[in-house]
Amino acid sequence: MVCFDDEHGGDDVVTQASNNVAEVPDILMETNDNTIAAVSASLPSSKRGRKRSPVWDEFIVIDASDSTDGKERAICCHCKDAKFIANSHYGTKNLINHLTKCTAYKVFLATKGKGQIFDQNVYRDLVARAIIRHGYAFSWVEHDANRQVHTYLNCQVRTITRNTAKADCLKLHKSLMVELLHTLKNVSGRICLTSDMWTSCQTKGYLCLTAHYVDDNWKLVSKVLNFCHIETPHTGYEMYSVISDLLKKWGIESKIFSITLDNASSNDKMQDYLKESLNGRGLLLSEGRFLHVRCAAHVLNLIVQDGLATIQQSVRKIRLNMKYIKWSESRKKCFKACVNLAAISETKALWLDVPTRWNSTFEMLDRALIYRAAFKELKQKDSLYIHLPDSKEWEKIEKVRDVLEPFSDITKLFSGSEYPTSNLYFENVWRIAMLLKDLVKDGDKDIREMGHLMQEKFDKYWLHSSGDDYNTLFAFAMILDPRFKKQSLKYCYEKIYEDEWKASLEVNDVVFKLRKLLEEYSPKDASIASTSNNTNTNAKSINRKRKYALMDLDNEENVSSCTGSVKSKLDLYLGEARLSQDEKLNSLKFWQANEKKYGELAYLARDILTVPLTTVASESTFSI
0 MVCFDDEHGG
10 DDVVTQASNN
20 VAEVPDILME
30 TNDNTIAAVS
40 ASLPSSKRGR
50 KRSPVWDEFI
60 VIDASDSTDG
70 KERAICCHCK
80 DAKFIANSHY
90 GTKNLINHLT
100 KCTAYKVFLA
110 TKGKGQIFDQ
120 NVYRDLVARA
130 IIRHGYAFSW
140 VEHDANRQVH
150 TYLNCQVRTI
160 TRNTAKADCL
170 KLHKSLMVEL
180 LHTLKNVSGR
190 ICLTSDMWTS
200 CQTKGYLCLT
210 AHYVDDNWKL
220 VSKVLNFCHI
230 ETPHTGYEMY
240 SVISDLLKKW
250 GIESKIFSIT
260 LDNASSNDKM
270 QDYLKESLNG
280 RGLLLSEGRF
290 LHVRCAAHVL
300 NLIVQDGLAT
310 IQQSVRKIRL
320 NMKYIKWSES
330 RKKCFKACVN
340 LAAISETKAL
350 WLDVPTRWNS
360 TFEMLDRALI
370 YRAAFKELKQ
380 KDSLYIHLPD
390 SKEWEKIEKV
400 RDVLEPFSDI
410 TKLFSGSEYP
420 TSNLYFENVW
430 RIAMLLKDLV
440 KDGDKDIREM
450 GHLMQEKFDK
460 YWLHSSGDDY
470 NTLFAFAMIL
480 DPRFKKQSLK
490 YCYEKIYEDE
500 WKASLEVNDV
510 VFKLRKLLEE
520 YSPKDASIAS
530 TSNNTNTNAK
540 SINRKRKYAL
550 MDLDNEENVS
560 SCTGSVKSKL
570 DLYLGEARLS
580 QDEKLNSLKF
590 WQANEKKYGE
600 LAYLARDILT
610 VPLTTVASES
620 TFSI
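Printed below as a string of structure tokens:
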């Protein structure tokens, strides 16, 4: 807005910029010659009353003292380029003529003054983000129809070439890397990893490494750190070398809590090398006991695949049914008529499974049971149809479907796009254990055999896993869920072992290990870690000189008090009443709300709840 100086004695406002440009940043106020430094200029008072034309609302008047040529100038509010002498002697015709030609003013009118000021750099950044997010080819920016859309939306757009688009994408990638580096550096908690290998159709191997952490707002965040090609052979050591270099590159070696992997033998070797390397430098908690986490979805897959091997004959018959109906359009049409005759209102389509994906086998059996009556109708109408199961086979198929259903539900839960927190793990694995106990007692011989095979695989990975302690880690997560705590954990162990004494021993062992882990989060560790990580030789020298020194008593009392406070906070938490299990609870939000109350216990809970249950976060990148 243009105001009058007191020396002119005027109090009318003659010139006012449009509302939408009144707060335009200084960098946008540049003219072809100089930056407009002031817009509070005045006109001669004797002529001010006549400047009432609405055209002046679209111009900024610059005082003669601020103008480069010593004359009052009117600058177009929209294009910032056009400059006219602001004098009544020259009238307003030249200003009106300019507005009829001003492209920026036309855009302003088209958007009714609500449009944003166009910035070519912002436009290029948005195009780069669109290419990355949707996987467009770089040549997309050169497509004529695409360019027409952009120039129609804003005539100031300067379209770009594929090479410019590529350069913009690389520039954006670099800026995002710098931003993520800064974020990871300032993450207050530990970082959990997932990693997976994938071979492309060109037989090239790629490794994906994803980081999971809780931000300052206590929200779970997942970031793909690297998707990179690695040369053959894809041995455990080669994978370790790549991952180790990536951790150094991101500066997070000292922040690693766990790494979730599938059950490939090369992954087992890789994590062994990684544990030895990080643990040798004192960078892991509990000497790396909880570093390796097996992908729950892969373990479930192994369990179910072993079970399905015993009932392949029943599954094969349903698969032949699906192939027969899907063979031609005429058969599909005939089956649809049978569905109508059977008065089935379901709209789900028939499903043909992929034999290597058991969850698709479950879907196939479930859909087949929905249309059971329609298959009987088809037998009457189609003489070539010979694959109809008899009543006993249908009963077995229904039992197999019922066996697979909870496995399918749990797999979907573990592999959810929201990456569920680890407190959901133990409860659902316990459900599987209970299902398998029922299976081995089933009256059907095939179902019993299926149950025994699945039970063996379950025991191998979840009860007697050698070298890994991830089941204890997820038992921690259950205790740190305020709806479960020790009571629910003990109940689960009692049902698994059918021995209350053994269940009590298991719970006590888990709580003992939790206390030991919690001690590593106590304040004393910060000082101890900072001194011990500097130089071990200096520490030994100091210990020799201070042998039997009385000042060591102070240190022992400090450590003792820290340990006591840790235990008291855990006991305080365990001593409080459990929340209702019916309550929908965000565990991270609970610990955020109780951060001050529980201190380091809340920070331990935050890190444990971050541990991913599956490698889905890394696998999904391959789909992209």
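Numbering of the sequence shown is given in our numbering, commencing with residue 0 and proceeding in unit increments.
Even glycine gets a Cβ: it sits at the ideal position worked out from N, Cα and C.
The structure displayed is predicted, hence computed values, not measured ones.
Does the region 601-617 come close enough to the region 175-189 to have 3 or more Cβ pairs within less than 8 angstroms?
-> A contact exists between the region 601-617 and the region 175-189.
Endpoints, the beta strand (DSSP E) within which W197 is located = On the sequence shown, position 198 is the one that residue 197 refers to. Counting along the chain, the beta strand (DSSP E) containing W197 begins and ends at 190-198.
Touching by the beta-carbon criterion (3+ pairs, under 8 angstroms), the region 397-410 and the region 298-313 | Yes, the region 397-410 touches the region 298-313.
Between D389 and G450, what straight-line distance do the alpha-carbon atoms span, to the nearest angstrom?
-> Looking up residue 389 in the sequence shown gives position 390. Looking up residue 450 in the sequence shown gives position 451. Cα-Cα distance, rounded: 23 angstroms.
Rounded to whole angstroms, what's the CA-CA distance from A336 to K322? Just pull it up for me.
-> Taking the first residue of the sequence shown as position 1, residue 336 is located at position 337. Taking the first residue of the sequence shown as position 1, residue 322 is located at position 323. Rounded to the nearest angstrom, the gap between the Cα atoms of A336 and K322 is 18 angstroms.
Could you tell me which residues DSSP puts in a beta bridge with R72?
-> Here residue 72 is taken as the residue at index 73 of the sequence shown, counted from 1. In the DSSP secondary-structure assignment, R72 is bridged to I61, I84.
Check each candidate in C491, N593, R482, F511 and name the one with the smallest Cα separation from A576.
-> As a working note, residue 576 is residue 577 in the sequence shown. Out of C491, N593, R482, F511, R482 has the C-alpha closest to the C-alpha of A576.
Can you have a look at S257 and say buried or exposed, based on whether 16 or more other CB atoms are within 10 angstroms of its CB?
-> Mapped onto the sequence shown, residue 257 falls at position 258. With 16 or more Cβ atoms within 10 Å of its Cβ, S257 is classed as buried.
Of the listed residues W350, Q312, L307, A372, nearest to V339 (C-alpha basis) = Indexing the sequence shown from 1 puts residue 339 at position 340. In the sequence under discussion, the amino acid at residue 339 is Asn, which differs from the Val named in the question. Of the candidates W350, Q312, L307, A372, the one whose C-alpha sits nearest the C-alpha of N339 is A372.
Give a yes or no on whether the C-beta atoms belonging to M433 and K501 are separated by under 8 angstroms.
-> On the sequence shown, position 434 is the one that residue 433 refers to. On the sequence shown, position 502 is the one that residue 501 refers to. No, Cβ-Cβ distance for M433 and K501 is not below 8 angstroms.
Could you name the residues of the same chain whose beta carbon sits closer than 7 angstroms to that of D468, not counting the 5 residues immediately before and after it, in chain order?
-> If you number the sequence shown from 1, residue 468 lands on position 469. Contacts found: R288, F289.
Would you tell me roughly how many angstroms separate the C-alpha atoms of S221 and S414, rounded to the nearest one?
-> Along the sequence shown, one-based indexing puts residue 221 at 222. Along the sequence shown, one-based indexing puts residue 414 at 415. Spanning the two alpha carbons is a distance of roughly 14 angstroms.
Can you grab the Cα-Cα spacing for the pair M176 / V292, in whole Å?
-> Against the sequence shown, residue 176 aligns to sequence position 177. Against the sequence shown, residue 292 aligns to sequence position 293. The straight-line gap from Cα to Cα measures roughly 27 angstroms.
Helix or strand or just coil, what does DSSP make of G90?
-> In the sequence shown, counting from the first residue as 1, residue 90 sits at position 91. Looking at G90 - three-state DSSP - the assignment turns out to be coil, as it is neither helix nor strand.
Nearest-angstrom Cα distance between Q201 and H233?
-> In the sequence shown, the residue the question calls residue 201 occupies position 202. In the sequence shown, the residue the question calls residue 233 occupies position 234. So the alpha carbons of these two residues sit roughly 15 angstroms apart.
For C294 versus T614, is the C-beta spacing smaller than 8 angstroms?
-> Translated into the one-based positions of the sequence shown, residue 294 becomes position 295. Translated into the one-based positions of the sequence shown, residue 614 becomes position 615. With respect to T614, C294 sits close: the two C-beta atoms are nearer than 8 angstroms.
Those runs of the alpha helix (DSSP H) which lie wholly inside the region 109-181 and span at least 4 residues = For the region 109-181, whole alpha helix (DSSP H) runs of length 4 or above, ordered along the chain, are 119-133, 143-152.
C-beta atoms of E349 and R366 nearer than 8 angstroms = Numbered from 1 along the sequence shown, position 350 holds the residue referred to as residue 349. Numbered from 1 along the sequence shown, position 367 holds the residue referred to as residue 366. The sequence given here has Leu at residue 349, not Glu. Cβ distance < 8 angstroms, so L349 and R366 count as in contact.
Hey, quick one: how far does the alpha helix (DSSP H) through V220 stretch, first residue to last?
-> Within the sequence shown, the letter at position 221 stands for residue 220. Segment 219-228 is the beta strand (DSSP E) holding V220; no alpha helix (DSSP H) there.
Spatial distance of G237 from D195 (CA atoms) | Counting from one through the sequence shown, the residue named residue 237 turns up at place 238. Counting from one through the sequence shown, the residue named residue 195 turns up at place 196. The amino acid at residue 237 is misidentified as Gly; the sequence shows Glu. Approximately 14 angstroms between the Cα atoms of the pair.
Report, in whole angstroms, the separation of the C-beta atoms of E599 and Y520, which I expect to be a contact under 8 angstroms.
-> Against the sequence shown, residue 599 aligns to sequence position 600. Against the sequence shown, residue 520 aligns to sequence position 521. By a beta-carbon distance limit of 8 angstroms, E599 contacts Y520. Their separation comes to about 4 angstroms.
Is the distance from the Cβ of Y370 to the Cβ of I343 below 8 angstroms?
-> Numbered from 1 along the sequence shown, position 371 holds the residue referred to as residue 370. Numbered from 1 along the sequence shown, position 344 holds the residue referred to as residue 343. Yes; because the gap between Cβ atoms is below 8 angstroms, this pair is in contact.
Ignore the nearest five residues each way along the sequence and tell me which others in L573's own chain have a CB closer than 7 angstroms to its CB.
-> Position 574 of the sequence shown, counting from 1, holds the residue named residue 573. Only K484, K485 meet the Cβ criterion.
Answer with buried or exposed for T198, where buried requires no fewer than 16 other C-beta atoms within 10 angstroms of its C-beta.
-> Taking the sequence shown and counting its residues from 1, one reaches residue 198 at position 199. Within a 10 Å sphere around the beta-carbon of T198 sit fewer than 16 other beta-carbons, which makes this residue exposed.
Counted within 10 angstroms of its Cβ, other Cβ atoms place G306 as buried (16 or more) or exposed = If you number the sequence shown from 1, residue 306 lands on position 307. Under this definition G306 is a buried residue.
Is T150 near the ligand MN, going by C-beta to nearest heavy atom under 7 angstroms?
-> As presented, the structure is devoid of all ligands, the ligand MN included, so that no description of it is given.
Does V298 get closer than 8 angstroms to chain C when you measure Cβ to Cβ?
-> As a matter of chain content, chain C is missing from the structure shown, which is built from one protein chain.
Along the alpha helix (DSSP H) that carries T202, what are the first and last residues, could you check?
-> The sequence position of residue 202 within the sequence shown is 203, counting from 1. Unbroken run through T202: none, as it is neither H nor E.
Can you tell me whether DSSP reads T209 as helix, strand or coil?
-> Locating residue 209 in the sequence shown gives position 210, counting from the first residue. Taken through DSSP and simplified to helix, strand or coil, T209 comes out as strand.
Closest to R605 by CA distance: which of F511, D214, G204, D80 is it?
-> Start at 1 with the first residue of the sequence shown, and residue 605 comes out as number 606. Ranked by how close their Cα comes to the Cα of R605, the residues F511, D214, G204, D80 have D214 in first place.
Please go through the region 450-484 and give each complete alpha helix (DSSP H) segment of 4 or more residues, from N-terminal end onward.
-> Qualifying alpha helix (DSSP H) stretches, in chain order: 469-478.
Between M269 and I251, which are expected to be in contact by the criterion C-beta below 8 angstroms, what is the C-beta distance as a whole number of angstroms?
-> As a position in the sequence shown, residue 269 is number 270, starting the count at 1. As a position in the sequence shown, residue 251 is number 252, starting the count at 1. Contact doesn't hold; Cβ gap of about 17 angstroms is too wide.
What residue range is occupied by the uninterrupted beta strand (DSSP E) comprising T259?
-> Taking the first residue of the sequence shown as 1, we reach residue 259 at position 260. Counting along the chain, T259 sits inside the beta strand (DSSP E) bounded by residues 255-260.
V428 - containing alpha helix (DSSP H), residue span | If you number the sequence shown from 1, residue 428 lands on position 429. It spans 424-438 - the alpha helix (DSSP H) in which V428 sits, taken as one unbroken run.
If you drop the 5 nearest sequence neighbours on each side, which residues of the same chain put their C-beta closer than 8 angstroms to that of K398?
-> If you number the sequence shown from 1, residue 398 lands on position 399. The answer, listed in chain order, is D441, D443, I446.
Residue from E71, E594, I159, K568 with nearest C-alpha to H142 = The count along the sequence shown starts at 1 and reaches residue 142 at position 143. I159 is the residue among E71, E594, I159, K568 whose C-alpha sits nearest the C-alpha of H142.
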